[in-house]
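To start, the structure itself, in C-alpha cells.
There are 2 protein chains.
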Amino acid sequence: MFGPGPTQIEKRIYDAMSQPVVGYADPFFFEISDSVRAGLREVFGTRNPFTLALSGTGSSGMEAAVANFVDPGSKLVVFTAGFFADRIAEMGRRHGAQVVRSEKPWGGSFTEAEVRDVLRREKPQTVAFVHGETSTGVMQAPTAITKPAHEIGALVIADCVTSLGATPVRVDESEIDIAYSCSQKGLSCPPGLSPFTVSPRAMDWLKARKLDCPVWYLDLKLLAEYYDQPHKYHHTAPVSSFYALREGLAAIQEEGVERRFERHARAHAEFVRRIESMGLQMFAPAGHRLPNLNTVRVPEGMDDAAVRRDLLTEHGIEVGAGFGPLAGKIFRIGVMGPLANEAGLDLFFGAFEKCVQAAGAVATKA
Amino acid sequence: MFGPGPTQIEKRIYDAMSQPVVGYADPFFFEISDSVRAGLREVFGTRNPFTLALSGTGSSGMEAAVANFVDPGSKLVVFTAGFFADRIAEMGRRHGAQVVRSEKPWGGSFTEAEVRDVLRREKPQTVAFVHGETSTGVMQAPTAITKPAHEIGALVIADCVTSLGATPVRVDESEIDIAYSCSQKGLSCPPGLSPFTVSPRAMDWLKARKLDCPVWYLDLKLLAEYYDQPHKYHHTAPVSSFYALREGLAAIQEEGVERRFERHARAHAEFVRRIESMGLQMFAPAGHRLPNLNTVRVPEGMDDAAVRRDLLTEHGIEVGAGFGPLAGKIFRIGVMGPLANEAGLDLFFGAFEKCVQAAGAVATKA
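The listed protein sequences derive, respectively, from chains A and B.
Using my numbering, the first residue of the first sequence is number 188, and each one after it goes up by one.
Using my numbering, the first residue of the second sequence is number 188, and each one after it goes up by one.
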C-alpha cells in the first residue's frame, strides 16, 4: 500500500477493532473516546478542549467545518490549487455561501502577501485552505493564511486530511481555528472517522451563532453535549472504529509524535534522493512538499498506467495516479505509517525501478 | 446485550472486519459493496436498484432522507408518537421545510383513516414516519401511511432503524419510497453504516430536483455515481465496516431471511408470554409491537434503575431505560440477532426474574 491512502495498517489495530462493541452510553465508551481525544490533541498540536472524532470519513469533517462555520449569504474565500480545495468551495456553495475561489494552477501554493491582498479586498467571514493537498503533493504553510485572515477577523478552516499524523500541523502555533482530518492516512487506521478540532475563539463564535447548523448529524454543539458532560445522547458512535483509532494513537504515542514526524521527514528526503538518482523529477516544488505523499513527474512518453499496472500485478504494490489536470502526468506515492522507513523504501524502489525501466524500454522502442 | 442496540455480535463478523483494508477504487471493494447491496435488497424486501449503505450511522441515513427529499419551503408531515419521529421533524426544520407534526402520545400509532384526514388537509410534498420506534417499542403499519400519502402524490420516508433485519419491512409491497436503517440492531453488526433504499419513483423525483442536496457528503446522486458505474470517486468508504456488514448479511442469508423473521416473531411471542406469566405487562399494545424491541411496564413503586443496575452488575446484562415521557415507566429489552431464541430468553429471564423479585421485595417493604 503505497497509495495516497488507505495505507498499511498494523495487526494491533485490527485486533483492537475486534473487541466487543459496547453501547453508546457505556462509561467504557467515554473512556475510549476521552483517550482518542487526548491522542488527537497531541497529533494536532493543540490544547483545544473541543477535539474529537466525528462519525464519518474525512469528507464528513469537511462538511462539518463548512456547515458549522459558514453562514448562508456570508463570504467564504477558498485558496485553491488542487482537487480538495475545490470540494470545500462546492460545499460552501451548497450551504448558500458567497464563495470566492482564489485560484492557482494545480501544484501551486500561496504566500502571505498574496493571501493578504485577497483577504483585504474580499473581507470574508471564513477562509479555507488545504494543508496537504492529496491531488498535488503540495503542503501549504498555514501561517501564510492564518496571519492575514486574523488581521481581518476571519475564521480559518484547514483541511489536514493527508497531513495529520505524518507531519506537524501545530494547530495552536499556526493559529488554525478549525481543522479536520481522516483516520486512514497519517494515522494508519481504517477509514471511518474524522478527527476534528476547534479553537476556543471559533467555539465562542459558534456558541454565539444564531442559526442552527443545517446538518443535524454534524452539529458540533450537539456533539459537544454528547462527548462532554452531560453525555446527552446524540447518535450511536461507531465504537469499533474508535477502538481502532485509540490503538493507532497509542502506537503513535509509543513512538513519540515528534519522532514519528522526523521519521516521515527522513523517509521523504531519502525518497526524493532515490527518485532523483533514477533521473526522475518530483512534481511539487522543493520546500512545499507534503512528506508522506510524494508526487513524481511521469517522464515524457512513458505510459504511467502500464507502470502502475505492473507494480500492482507483478509486485502487489499500489500507487496513486494523477487526476484532473494532472492525469497521466504524475505518480502519487504515499510513504507513511509503518512503511515510512528504509525497509519500506527498499521494498518500493526494488519494484518501482524495474517497472519504470520496463516502461522506459517500451517508450524508447515506440 | 439485551439493550435496544448495539446488540450481540458474532465472532465471524469481527473476524471479517479484520480483513486488510483496500482502497476506495479497488475492484475488490466494489465486489464487497455489490454483495452488501444485494443482501440489503433482500432484508429490505425490495428490487430498488438504488439500495446501498451510507458511510455514517443510522442518524446519517435520517439526515440523508431529509436532505435529499425535502425541499426548503416545502411541507413535510411527520407522524410522531416517540423520540425518533421528533428527530425527523427537527431535521426537516433545519433544512428549511414547513414541518407539520401530527402527534400522538408516546406509544401511539396511526390508522389509515387518521392519516388520510391529515394528509388531505395538509397536502405535503413529503411524509415521514417511524416503522419501529425504539423509544416506545411500537411498530407502525407502513401501508396506513403510504396509501393515503400516494393518493395525494407525496413521497414517503420510513425510519427502519430498529426494524430492519429482525422483522419484515417489505419496502416494495408496502410502497415505501425512501427507507433507511442502521447496522447494529436487526442486522447484528457493529454501528457505522446506514442501509438506505430509494424507489425508482423517488429516484425520478430526485433526478428532476433542481436544487442540489445541501449536504454534499450525503448527496445520493453523487453516491450513485460512485457505487454504480462509472465509479466516480466520492469519498473513501469505511471498508472495514463494509466487510462486517457483508458478513452479517451472509449470516442472515444462510439462515434465510424469512426464517430469521419467524425466529424473531417466535422469540417475541415467548417473551410476552413469560413477561405476563410474571404478572408484568407489556407497554406497547398487542398488534402494534416491534418484535425485537420489547417494552415492559415498570410496576407501580418499583425502582427500575435498581433493576437495571442489578442486571448489569450481577448478571452482566444490559437493558434500556425508558426516556422522555416514559422515563422510569418502561424497560426497553432488545431480543434480537443471536439472542432471539429459547436459550437467549432463558438467559435473560433467569436474571430478570431475580432482579425484579429483589426490587419488588424492596418496593413492598417501602
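The C-beta atom is built at its ideal place from N, Cα and C for all residues, glycine as well.
Neighbourhood of residue i by C-beta, 7 Å cutoff - its chain only, sequence neighbours within 5 removed
| i | result |
| --- | --- |
| Met-278/B | Met-249, Glu-250, Val-253 |
| Ile-196/B | Ser-375, Cys-376, Pro-377 |
| Tyr-331/B | Checking the sequence, you will find Ala at residue 331/B rather than Tyr. Closer than 7 Å at the Cβ level, and outside the excluded window around Ala-331/B, lie Phe-297, Thr-298, Glu-299, Val-302. |
| Glu-309/A | Lys-262, Val-264, Val-287 |
| Asp-273/A | Thr-267 |
| Arg-447/A | Ile-439 |
Pairwise C-alpha distance: residue j and residue i
| i | j | result |
| --- | --- | --- |
| Leu-513/A | Pro-486/A | 13 Å |
| Val-543/B | Arg-519/B | 14 Å |
| Asp-313/B | Pro-329/B | Here residue 313/B turns out to be Thr, not Asp, going by the sequence shown. Approximately 15 Å between the Cα atoms of the pair. |
| Ser-205/B | Thr-423/A | 21 Å |
| Ser-242/A | Leu-405/B | 13 Å |
| Glu-290/A | Pro-292/B | 55 Å |
| Pro-382/A | Gly-245/B | 20 Å |
| Val-356/B | Thr-333/B | 13 Å |
| Gln-468/A | Gly-319/A | 20 Å |
| Lys-516/B | Arg-388/A | 43 Å |
| Ser-220/A | Pro-214/A | 10 Å |
| Ala-538/B | Glu-445/A | 51 Å |
| Val-385/B | Pro-472/B | 31 Å |
| Phe-470/A | Phe-316/A | 20 Å |
| Ala-341/B | Pro-311/B | 6 Å |
| Phe-231/A | Met-465/B | 56 Å |
| Tyr-211/B | Pro-417/B | 13 Å |
| Arg-234/B | Glu-442/A | 51 Å |
| Gly-226/B | Glu-362/A | 48 Å |
| Asp-364/B | Met-326/B | 18 Å |
| His-595/A | Asp-346/A | The question about residue 595/A has no answer, for chain A in this structure spans 188 to 553. |
| Thr-500/A | Tyr-414/B | 24 Å |
Residue-chain proximity (residue i, chain B), Cβ-Cβ < 9 Å
| i | result |
| --- | --- |
| Val-347/A | This sequence places Cys at residue 347/A; Val is not what is there. Cys-347/A does not count as touching chain B. |
| His-475/A | no |
| Ile-517/A | no |
| Arg-281/A | yes |
| Pro-193/A | yes |
| Trp-293/A | no |
| Ser-247/A | yes |
| Trp-392/A | no |
| Ile-439/A | no |
| Ala-431/A | yes |
| Pro-236/A | no |
Cut-off 8 Å between Cβ atoms - residues of its own chain near residue i, not counting five sequence neighbours on either side
| i | result |
| --- | --- |
| Val-208/A | Val-426, Ser-427 |
| Pro-191/A | Thr-321, Thr-349, Lys-372, Leu-480, Gly-507, Arg-519, Gly-521 |
| Leu-410/A | Leu-239, Leu-241, His-421 |
| Ala-380/B | It should be noted that the sequence gives Leu, not Ala, for residue 380/B. Hits under 8 Å: Ala-240, Leu-241, Ser-242, Gly-243, Thr-244, Cys-369, Ser-370, Pro-425, Ser-428, Phe-429, Leu-432. |
Residue-level contact to chain A via CB, residue i, 9 Å cutoff
| i | result |
| --- | --- |
| Gly-319/B | no |
| Met-523/B | no |
| Val-265/B | no |
| Asp-399/B | yes |
| Thr-423/B | yes |
| Val-426/B | yes |
| Gly-243/B | yes |
| Glu-501/B | no |
| Gln-371/B | yes |
| Glu-218/B | no |
| Ser-289/B | no |
| Pro-377/B | yes |
| Ala-514/B | no |
| Asp-202/B | yes |
| Ile-196/B | yes |
| Val-209/B | yes |
Heavy atom of the ligand SAM within 8 Å of residue i beta-carbon
| i | result |
| --- | --- |
| Arg-228/A | This structure lacks the ligand SAM, and indeed carries no ligand of any kind. |
Cβ shell of residue i (< 6 Å), same chain only, five flanking positions each side left out
| i | result |
| --- | --- |
| Tyr-430/B | Ala-203, Met-204, Gln-206 |
| Arg-433/A | Ile-219, Ser-222, Val-223 |
| Ala-284/B | Val-257, Ser-261, Leu-263 |
Task: Runs of beta strand (DSSP E) lying entirely within the region 472-543 of chain B, each at least 3 residues, in chain order - done: Taken in chain order, the whole beta strand (DSSP E) runs of length 3 or more contained in the region 472-543 of chain B are 480-484, 517-521.
Open item on the list: Below 8 Å, how does it come out for the region 393-400 of chain B and the region 266-283 of chain B: are there three or more Cβ pairs, yes or no?
Closed with: Short answer: they don't touch.
Open item on the list: When you compare the region 439-456 of chain A with the region 346-354 of chain A, are there three or more beta-carbon pairs, one atom per stretch, that lie closer than 8 Å?
Closed with: The answer is yes - the region 346-354 of chain A touches the region 439-456 of chain A, with three or more Cβ pairs under 8 Å.
Task: Any 3 or more C-beta pairs closer than 8 Å across the region 453-473 of chain A and the region 526-535 of chain A - done: Enough Cβ pairs lie closer than 8 Å, so yes.
TODO: Pick out the complete beta strand (DSSP E) segments inside the region 364-437 of chain A, 3 residues or longer, and give them in chain order.
DONE: Taking only runs of at least 3 residues, the beta strand (DSSP E) segments lying wholly in the region 364-437 of chain A are 365-367, 381-385.
TODO: Jot down the residue ranges of each uninterrupted beta strand (DSSP E) in the region 273-317 of chain A, minimum 3 residues, whole runs only, in chain order.
DONE: Taking only runs of at least 3 residues, the beta strand (DSSP E) segments lying wholly in the region 273-317 of chain A are 285-290, 313-317.
Task: Whole alpha helix (DSSP H) elements within the region 200-279 of chain A, 4-residue minimum - done: Counting only runs of 4 or more, we get 214-231, 245-256.
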